[in-house]
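Position 550 of the sequence shown, counting from 1, maps to 550 under my numbering, and the rest follow consecutively. By construction, the Cβ of each residue, glycine as well, lies at the ideal position given by its N, Cα and C atoms.
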Amino acid sequence: MCGIFGAVALTGRVLDHRGLMPAMAASLHHRGPDGARLLRSSSGAVGATRLRIIDPTEQADQPFHTPDGGTWLACNGEIYNSAELRRRFPDYPYRSRTDIETILPAYREHGLDVFRELDGMFGIAIWDAANGTLILARDRAGEKPLFYARVGEELWFASEIQALLMHPGISRDVDKVAVSQYLTLGYPLEPRTLFTQIRRVESGTALVVDRSGMRVHRYWEPRNLLFQARTPSAGEEVEALRNLLDAAVRRQVVADASIGVFLSGGLDSSLIAAVSAQALGRDRVTSFTARFDVDSYDEGDWATRSARHAGTRHVDVDCSTNRLLHAARNVSGRVAEPVSDPAVLPTFLLSEVAAQHVRVVRGGEGADELFGGYPTYLGHKLAERIAGMPGPVKRSVVRLVESLPVSKQKVSIEYLLKRFVRGFDLPWPERHVRWFGAGGSRIKLDSTNAEDWLAPALDGWTDIDAARGPMLFDYLTYLPDQLLVKMDRATMLNSIEARAPFLDRSLSAYAFGISPRYKVRGLTTKWVLKKAAEAWLPKDLIVRRKRGLSVPISQWINADLREATDQLLAAERLDRHGLVDRTGVQRMLEEHRSGRANHAGALWAVIMLQLWLERWQPSLACDSPLGEAAPLPRSPELKETWPEVASSPRVVAVVNSDIAAKF
1 MCGIFGAVAL TGRVLDHRGL MPAMAASLHH RGPDGARLLR SSSGAVGATR
51 LRIIDPTEQA DQPFHTPDGG TWLACNGEIY NSAELRRRFP DYPYRSRTDI
101 ETILPAYREH GLDVFRELDG MFGIAIWDAA NGTLILARDR AGEKPLFYAR
151 VGEELWFASE IQALLMHPGI SRDVDKVAVS QYLTLGYPLE PRTLFTQIRR
201 VESGTALVVD RSGMRVHRYW EPRNLLFQAR TPSAGEEVEA LRNLLDAAVR
251 RQVVADASIG VFLSGGLDSS LIAAVSAQAL GRDRVTSFTA RFDVDSYDEG
301 DWATRSARHA GTRHVDVDCS TNRLLHAARN VSGRVAEPVS DPAVLPTFLL
351 SEVAAQHVRV VRGGEGADEL FGGYPTYLGH KLAERIAGMP GPVKRSVVRL
401 VESLPVSKQK VSIEYLLKRF VRGFDLPWPE RHVRWFGAGG SRIKLDSTNA
451 EDWLAPALDG WTDIDAARGP MLFDYLTYLP DQLLVKMDRA TMLNSIEARA
501 PFLDRSLSAY AFGISPRYKV RGLTTKWVLK KAAEAWLPKD LIVRRKRGLS
551 VPISQWINAD LREATDQLLA AERLDRHGLV DRTGVQRMLE EHRSGRANHA
601 GALWAVIMLQ LWLERWQPSL ACDSPLGEAA PLPRSPELKE TWPEVASSPR
651 VVAVVNSDIA AKF
């Protein structure tokens, strides 16, 4: 696990601003605190900061290059089938035991098809000097990030945006389409970021860049897996799923470091904890649970029960209001993109404590999208039935639901019902965005309106039925653009690695082919996974209502964060950047404060947007009302020289690279 960075001059000329490499390494120090190295020639540079998980020796530090020096490789992630790859290429002169080095001979053999061969999570940079080609690739689900920016005839890349912002030629202009997506959904859609010039490599693709331009090579297309010619019985599906899940968890326990689990007491994390403990042995896995000071958000008792059943060493993590505000300061101050999912805050705190015990944690990301776990999937099923009711009956139902008093409890029935009636009569793609989004569609851009992005984004989705389509839509958008962003940034800020066994290559491919009638069965969501879980979990842990990890944002806006909210959403502060319509924001705030509506999600998205603007736009720099992030640890001053190497690549070591430059 590491942070990767670099640049290539596509015309072969001398690379401009190559002196920025130490600063880029320093800005990614949290992703790889154990060492940093750089390969550089006159026209290119590929570097990595490393968190040592497999083969902790310096010999395994990245980047790697082929014996002839013609191909360079840096990878952020883990390759779970590396042992198989190593056996397939036994004659390659490996210099380490690490999983990442096995990509090089596989690339030499398969070219771009190598990514189909890899089972793992990864953001990969390959500089093929012989062909003058840079390849940037991400894993199937988008667990690991990779950003890039074109600067003239150069292509710069990095695992996180703040490393690219070191470059004086990369604009900080805001992408208004991305802002509109963020306000509506809670996140911008791939490949956009909120910076116009900076883009993301899309999950499941490789970006191929050479003198002729850029093209996207898609190696993973889950849409093709939805309608597989497979008709097993329910019992056969359950048994196959058990075997695949067990194999996936066992593949991902390989590490030369200790392993933990983020445990909520819900089905997904309890299942991962139980299977992990079975694979490694009791007391070999440490579980971590968020404990809140608001009862409706705390699930610690269920998590403790789950930990006791699995046999993990269990650690409760304080997620009281003061600690969550500490997390908010760090996330908003150290990540150059607004993360609107409030769950990033307890995830940060879990990671902060976990880092004192383990180097690898695992969670249940992906289970809901693959097996039908969200209430919205049941909502789509009910909407299809209600659509046939007489108009007067439907209108009566809507009036009854809208008259329910506003609840500020976590995922209340009132909240779910109101979301449902405000979209049940729309085509499924439109109602899904309305149900699942951040709720900020009423907040318009104050300046020139962004182009309409919603219609193109939903184009073609009606070709898939409402039983399959919403799950695939969430897998391709919400999962990589929000959930996995939250998990990656929160864990890597604390220098630990997060793994998601449900996103295993074989398990995911099989899950897409499971009939939707086995996923949402009657009024039961995630039916097939719940049946599979009976092999490992007691019934009460399987059937309890889904809650999800969140924080009491609704109460914060009216109480603990009232003053900070008023400062950030004040008219003069919103007018400084002229980006969002302050009238819409303040109307939603007034409705929320009066109790007429719960706009916590939309308001929190704007709060995080404001904090992002004031932290990462120099012209809008302003003291955060949340306070400043804790200072990062420093290490000895970087004293390396960075000489130009005109022919063969030179390996330059950066020992204990840290935040030598303020970013």
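Original post:
To the nearest angstrom, how far is it from the Cα of residue 220 to the Cα of residue 499?
Top reply: Those two C-alpha atoms are separated by around 19 Å.
Original post:
Starting from residue 147 and walking both ways along the beta strand (DSSP E), at which residues does that stretch end?
Top reply: It spans 147-151 - the beta strand (DSSP E) in which residue 147 sits, taken as one unbroken run.
**OP:** Please report how far the alpha carbon of residue 510 lies from the alpha carbon of residue 516, in whole angstroms.
**Re:** Residue 510 and residue 516: Cα-Cα distance of roughly 13 Å.
Subject >> Three CB pairs or more closer than 8 Å across the segment 311-320 and the segment 271-289 >> reply: Per the Cβ contact rule, the segment 311-320 is in contact with the segment 271-289 (3 or more Cβ pairs under 8 Å).
Original post:
Thinking C-beta only, is residue 192 closer than 8 Å to residue 175?
Top reply: Yes, the pair counts as a contact, with Cβ atoms nearer than the cut-off.
Subject >> Residue span of the beta strand (DSSP E) that contains residue 436, given as start and end >> reply: Unbroken run through residue 436 is the alpha helix (DSSP H), 428-436; no beta strand (DSSP E).
Original post:
For the 8 Å Cβ check, are there 3 or more pairs between the segment 149-165 and the segment 99-115?
Top reply: As far as the Cβ criterion goes, the segment 149-165 does not touch the segment 99-115, which means the pair count is below three.
Subject >> Cβ distance (whole Å) where residue 262 is taken to contact residue 350 below 8 Å >> reply: Contact between residue 262 and residue 350 holds, since their C-beta atoms are separated by about 5 Å, short of 8 Å.
Original post:
Can you tell me the Cα-Cα spacing of residue 469 and residue 35, whole angstroms?
Top reply: Straight-line Cα distance between these residues: approximately 44 Å.
Original post:
Under a three-way DSSP split, which group does residue 264 fall into?
Top reply: Coil.
Original post:
Are the beta-carbon atoms of residue 369 and residue 479 separated by less than 8 Å?
Top reply: Less than 8 Å divides the Cβ of residue 369 from the Cβ of residue 479.
**OP:** Below 8 Å on the Cβ atoms is my guess for residue 550 versus residue 327; work out the distance and round it to an integer in Å.
**Re:** A Cβ-Cβ distance of about 13 Å is found for the pair residue 550 and residue 327, leaving them out of contact under the 8 Å criterion.
Original post:
Count the other CB atoms within 10 Å of the CB of residue 330; is the residue buried (16 or more) or exposed (fewer)?
Top reply: In the assembly as shown, residue 330 is a buried residue. Its beta-carbon has 16 or more other beta-carbons within 10 Å.
**OP:** Report yes or no: do the segment 9-19 and the segment 50-57 share at least 3 C-beta pairs separated by less than 8 Å?
**Re:** The segment 9-19 is not in contact with the segment 50-57.
Original post:
Can you check whether the CB of residue 338 is closer than 8 Å to the CB of residue 454?
Top reply: Not closer than 8 Å, so no.
Subject >> Span of the beta strand (DSSP E), counted from its first residue to its last, around residue 314 >> reply: Start and end: 313-318.
**OP:** In the DSSP assignment, find the unbroken alpha helix (DSSP H) run with residue 473 in it and report its ends.
**Re:** Its alpha helix (DSSP H) spans residues 469-476.
**OP:** Per DSSP, which residues does residue 48 bridge with? Please list them.
**Re:** DSSP, once it has assigned bridges, lists 4, 37 as partnering residue 48.
Original post:
Where does residue 598 sit, in a helix, a strand or coil, going by DSSP?
Top reply: If DSSP states are grouped into helix, strand and coil, residue 598 belongs with coil.
Subject >> Candidates 430, 55, 7: closest to residue 460 by CA position >> reply: Closest option to residue 460, Cα to Cα, is 430.
Original post:
How big is the Cα-Cα spacing for residue 614 and residue 88?
Top reply: When rounded, the distance between both Cα atoms is 51 Å.
Original post:
What do you reckon, are the CB atoms on residue 156 and residue 72 nearer than 8 Å?
Top reply: Not a contact, by the Cβ cut-off of 8 Å.
Subject >> Residue range of the unbroken alpha helix (DSSP H) whose run includes residue 121 >> reply: Where residue 121 is concerned, there is no enclosing alpha helix (DSSP H), although the beta strand (DSSP E) it sits in stretches over 120-128.
**OP:** Count the CB pairs spanning the segment 551-567 and the segment 595-610 that are closer than 8 Å, and state whether there are at least three.
**Re:** Counting C-beta pairs with one atom in each stretch, the segment 551-567 and the segment 595-610 have three or more that are closer than 8 Å, which means they touch.
Original post:
residue 594 and residue 611 look like a contact to me (Cβ under 8 Å); what is the Cβ gap, rounded to whole Å?
Top reply: With 8 Å as the limit, residue 594 and residue 611 do not qualify as a contact, their Cβ atoms being about 25 Å apart.
**OP:** Tell me the start and end of each unbroken alpha helix (DSSP H) in the segment 56-122 that is at least 4 residues and wholly inside, in chain order.
**Re:** Inside the segment 56-122, DSSP marks whole alpha helix (DSSP H) runs of 4 or more residues at positions 82-88, 103-110, 114-117, from first to last along the chain.
**OP:** Just confirm the distance between the C-beta atoms of residue 504 and residue 119, as a whole number of angstroms; I'd bet it's less than 8 Å.
**Re:** Taking a contact as a CB-CB distance under 8 Å, the pair residue 504 and residue 119 counts as one, their CB atoms being some 7 Å apart.
Original post:
Since residue 115 contacts residue 47 with CB under 8 Å, what's their CB separation in whole angstroms?
Top reply: Residue 115 to residue 47, Cβ: 21 Å. No contact.
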